[in-house]
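Going by this note's numbering, the first residue of the sequence shown is number 76, and it counts up by one from there. Where is the CB? At the ideal position from N, CA and C, for every residue including glycine. Written below as structure tokens is the structure these notes are about.
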Amino acid sequence: MSALIELSGITKTLKGQEQKRTILHGVNLSVDAGESLAIVGRSGSGKSTLLSILGLFDRPDQGSYLLDGQEIGKLAERRAAKLRSSHFGFVFQRFFLLKHLSAAQNVAMALVNGQGWLPRRERRRRVISALDQVGIAHLAKNRPAKMSGGEQQRVAIARALVREPRILLADEPTGALDTETGTSVIETLLGATTRGCALILVTHDRDHAARMGRIHDLTDGVLTQRVRA
Ligand SMILES: Nc1ncnc2c1ncn2[C@@H]1O[C@H](COP(=O)(O)OP(=O)(O)OP(=O)(O)O)[C@@H](O)[C@H]1O
Ligand SMILES: [Mg+2]
76 MSALIELSGI TKTLKGQEQK RTILHGVNLS VDAGESLAIV GRSGSGKSTL
126 LSILGLFDRP DQGSYLLDGQ EIGKLAERRA AKLRSSHFGF VFQRFFLLKH
176 LSAAQNVAMA LVNGQGWLPR RERRRRVISA LDQVGIAHLA KNRPAKMSGG
226 EQQRVAIARA LVREPRILLA DEPTGALDTE TGTSVIETLL GATTRGCALI
276 LVTHDRDHAA RMGRIHDLTD GVLTQRVRA
């Protein structure tokens with residue numbers, strides 16, 4: 076059976092003002108359903124670029140990107156957008172919540188944008204279930220301004236989970252949180268893997284990286300898997 080995600084020889088070159096710069100050099104990565112992995116590396120090493128390619132916001136210059144064994148590295152934007160909303164959930168350092176909407180309404184937005192039509196009752200069931208999964212169902216009616224940073228990030232995670240993605244891509248999701256709150260947000264993200272979602276976490280925090288099933292280092296555009304002691 077093929078892996079959920081299989082990257083082989085992914086290369087990405089950016090055209091700067093004067094010269095081209097290769098950010099990713101032949102990246103190989105295989106991810107199965109329910110796996111968790113961390114991508115670490117110094118600032119500017121290309122972690123966010125790699126996540127953008129994984130999440131189909133960007134395309135590789137070379138290499139192959141298989142999702143369920145199907146090549147998706149060269150998709151046109153229309154099809155990429157469809158796959159993005161059906162297969163991927165995204166969590167960032169900033170929460171990007173709409174401040175005039177409640178937690179539940181923020182989560183429901185993810186079902187309005189890009190998802191096929193769902194009956195109202197099913198939408199509500201999914202929103203409540205997503206808020207419940209991240210432990211904040213009791214805050215459903217609150218607006219972001221009344222919530223802590225950790226609670227706001229949980230709303231953002233619920234918004235990512237409500238489409239029932241197969242892959243969760245998280246780029247420094249704890250960057251704006253204190254250590255303790257960050258750790259509990261990481262546990263929340265890991266919770267999704269128990270339901271078969273794959274989790275790919277970019278982080279600068281060693282402890283958070285250590286909670287993932289494996290750690291990959293991105294150095295000079297080359298991705299390597301760290302061998303655990
Ligand atoms: N749109 C762009 N145009 C030109 N250069 C870019 C662009 N986006 C990123 N870069 C460059 O590509 C390199 C990799 O950037 P990227 O954002 O992927 O790094 P990162 O590992 O996520 O860094 P950080 O840890 O600071 O978030 C950097 O040198 C950056 O300056
Ligand atoms: Mg980054």
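Hey, is residue i close to ligand 2, as in C-beta under 8 Å from one of its heavy atoms?
| i | result |
| --- | --- |
| LYS122 | yes |
| GLU247 | yes |
| VAL277 | yes |
DSSP state of residue i, grouped into three classes?
| i | result |
| --- | --- |
| GLN94 | coil |
| GLU81 | strand |
| ASP207 | helix |
| GLU152 | helix |
| GLY101 | strand |
| GLY225 | helix |
| ALA179 | helix |
| ALA215 | coil |
| LYS122 | helix |
| LEU158 | helix |
| ARG198 | helix |
| LEU129 | helix |
| ARG286 | coil |
| LEU172 | coil |
| LEU186 | helix |
Per DSSP, what are the beta-bridge partners of residue i in this structure?
| i | result |
| --- | --- |
| GLN137 | THR86 |
| GLU239 | BP columns for GLU239 are empty, so no partner. |
| HIS291 | ILE114 and GLN300 |
| VAL106 | ILE80 |
| GLN145 | LEU142 |
| VAL166 | ALA245 |
Which term fits residue i, buried or exposed, when burial requires 16 or more other beta carbons within 10 angstroms of its beta carbon?
| i | result |
| --- | --- |
| THR278 | buried |
| GLN227 | buried |
| SER77 | exposed |
| LYS122 | buried |
| ALA220 | exposed |
| LEU89 | exposed |
| THR294 | exposed |
| ARG201 | buried |
| GLU110 | buried |
| PRO240 | buried |
| LYS87 | buried |
| ALA185 | buried |
| GLN94 | exposed |
Check whether the Cβ of residue i lies closer than 8 Å to any heavy atom of ligand 1, and answer yes or no.
| i | result |
| --- | --- |
| ILE85 | no |
| ARG281 | no |
| ARG117 | yes |
| GLY91 | yes |
| ILE98 | yes |
| LEU125 | yes |
| LEU265 | no |
| LEU131 | no |
| LEU236 | no |
| LEU82 | no |
| LEU274 | no |
Considering only heavy atoms of ligand 4, does any lie closer than 8 Å to the CB of residue i?
| i | result |
| --- | --- |
| LEU293 | This structure simply doesn't include ligand 4; it includes ligand 1 and ligand 2 instead. |
Q. Which ranges would you report for the beta strand (DSSP E) in the region 250-282 if only whole runs of at least 3 residues count?
A. 273-277
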